[in-house]
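First residue of the sequence shown: 1, per UniProt numbering; consecutive thereafter.
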Amino acid sequence: MVPFAVGGLAAFAVAALIVWLADGPDRWLQICIAGFLAGIPGLITMIVHDRHRKRRRLLSHPSFTVTSEL
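In structure tokens, the structure reads:
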């Protein structure tokens, strides 16, 4: 899930850069910045969620084993 959150952050950052360079409406720039800032807690949530995935799978499927560490 982390790549989706990073992708959303990158999209808002690129949009903000384009609006800023094109001297677009201030409101659009504010929306882009707000979207980027709102995405940061989502990214943190997804990092924590992925970190705990292995433990949750071990609890629900005792036969689960990890063959490689990523």
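Note that CB positions come from ideal geometry on N, CA and C, so glycine has one too.
Please report the distance separating the alpha-carbon of residue i from that of residue j.
i, j, result
"residue 45", "residue 3", "12 Å"
"residue 54", "residue 61", "10 Å"
"residue 26", "residue 41", "24 Å"
Tell me, to the nearest whole angstrom, how far the beta carbon of residue i is from that of residue j; I am working on the premise that it is less than 8 Å.
i, j, result
"residue 29", "residue 20", "6 Å"
"residue 32", "residue 22", "About 12 Å; that fails the 8 Å criterion."
Within the same chain, show all residues whose beta-carbon is closer than 8 Å to that of residue i, passing over the 5 residues directly before and after it, in chain order.
i, result
"residue 39", "5, 8, 9, 12"
Give me, in chain order, the residues of the same chain whose beta-carbon lies closer than 7 Å to that of residue i; leave out the 5 immediate sequence neighbours on both sides.
i, result
"residue 14", "none"
"residue 36", "9, 12, 13, 16"
"residue 47", "2"
"residue 50", "1, 2"
Excluding five sequence neighbours on each side, which residues of the same chain lie with their C-beta closer than 6 Å to the C-beta of residue i?
i, result
"residue 43", "5"
Does any CB atom of chain D fall closer than 8 Å to the CB of residue i?
i, result
"residue 39", "Of the protein chains in the structure, only one exists, and it is not chain D."
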